[in-house]
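Residue numbers (my numbering): -2 to 375.
Every residue gets a Cβ at the ideal spot worked out from N, C-alpha and C, and that includes glycine.
Since this is a predicted model, take the numbers as computed values, not measurements.
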């Protein structure tokens, strides 16, 4: 990984932590000034010990905006992942268990959290809010009924990559994605063998388990005959996109992987929609950071919902392990994000993590859903 931040400050314009707190030590360039020496850069310097800056290392949403903004493409999220790998602590251990082992228990965690009074330290309240968001949602009437405007000619079967949130807490998203793809005429391959994309494990510095998740998913894809893969979570898509550069596939197979792993909306060509009376006059749309400016959901929805309004803020604050290590900071970012929808009574997004995070901090009168919740087939 490249090192050597020039301290130019371009990252200040895009960092959600800095934007929220206006403290430079929370910014990417502030973290790099303190932490690059700990990761082998700057021989001869005497950096602060890890123990002194451990708390600061937890304050990163993992959005990746700094790396895209930086002229040298220095990602502070990647630097922090390296350091977490070298300096493990309790939060990494708990996050590993939560992601890799406890998924079937997520709804139970939500039920338990719903019985706990909303008192105590802010960090505890934030964690309880997130756990409650794992409970099954009340079904909503669709805003849109859609159908294909023209026939598609599928080149390959399509497997759905559900991701952890849909697998364990929102199975209705997978069912809706299957229904949409069948309506568009696709042959479905069984994507049930896919597991966690590994992206959140990477952010936590759990590189060994990330590699295991990657190997399992690639082997599943090969066993299915290398089908197209439809992904309806931006964070999962971001994690899957990284596979091509990790060396588990040769160049030809990596190119095929990159071309076949696509956002669900990309498969739903030429949609024709009927807007229902349940559609709000001014729906909001939160664009997930991990689409990296290549969001297929936003143009898809804007073409169908002319009043769709994008939020003014940057990041939902879910932040992977940030939710575990600094839940109050994570929730503060989420609340700030929703302040960017002042005239909206409902917000949709295209990421499982964003949907859970924003739903957990939404004020009364504002609902947050994945866009799959509000779309139905004709």
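Under the three-state reduction of DSSP, residue 73 is assigned to helix. Residue 294 sits close to residue 262, with the two beta carbons spaced by under 8 Å. Taking all protein chains shown into account, residue 345 has 16 or more neighbouring C-beta atoms within 10 Å of its C-beta and is therefore buried. When DSSP states are grouped into helix, strand and coil, residue 268 belongs to the strand group. In the DSSP annotation of this structure, the continuous segment of the alpha helix (DSSP H) that includes residue 90 starts and ends at 87 to 97.
Using a Cβ-Cβ distance cut-off of 8 Å, the stretch 356 to 364 and the stretch 212 to 219 are not in contact, since fewer than three pairs of beta carbons, one from each stretch, lie closer than that value. DSSP, reduced to helix, strand and coil, places residue 227 within a strand of the structure shown. Residue pairing from DSSP places residue 143 in a beta bridge opposite 270, 374. Contact check for residue 334 and residue 314: beta-carbon distance about 7 Å, within the 8 Å limit, so the pair qualifies. Collapsing the DSSP output to three states places residue 297 in a helix. With respect to residue 56, residue 9 sits apart: the two C-beta atoms are not nearer than 8 Å. Taken atom to atom, the span from the alpha-carbon of residue 178 to that of residue 228 is near 12 Å.
Here residue 331 has 313, 314, 315, 354, 355, 357, 358 as same chain residues with Cβ atoms under 8 Å from its own Cβ, once five neighbours each way along the sequence are excluded. If you draw a straight line from the Cα of residue 79 to the Cα of residue 319, it comes to about 15 Å. Residue 311 carries a coil assignment under DSSP once its states are collapsed to helix, strand and coil. Here residue 273 is not near residue 65, since their CB atoms are 8 Å or more apart.
Here residue 150 carries a coil assignment [DSSP, helix/strand/coil].
Put simply, of 140, 257, 93, 29 the residue whose alpha carbon is nearest the alpha carbon of residue 76 is 29. Counting along the chain, residue 258 sits inside the beta strand (DSSP E) bounded by residues 258 to 260. Put simply, the backbone Cα of residue 265 is about 15 Å away from that of residue 172.
For residue 197, the uninterrupted alpha helix (DSSP H) run begins and ends at 196 to 200, by DSSP. One Cα belongs to residue 107, the other to residue 247, and the distance between them is close to 42 Å.
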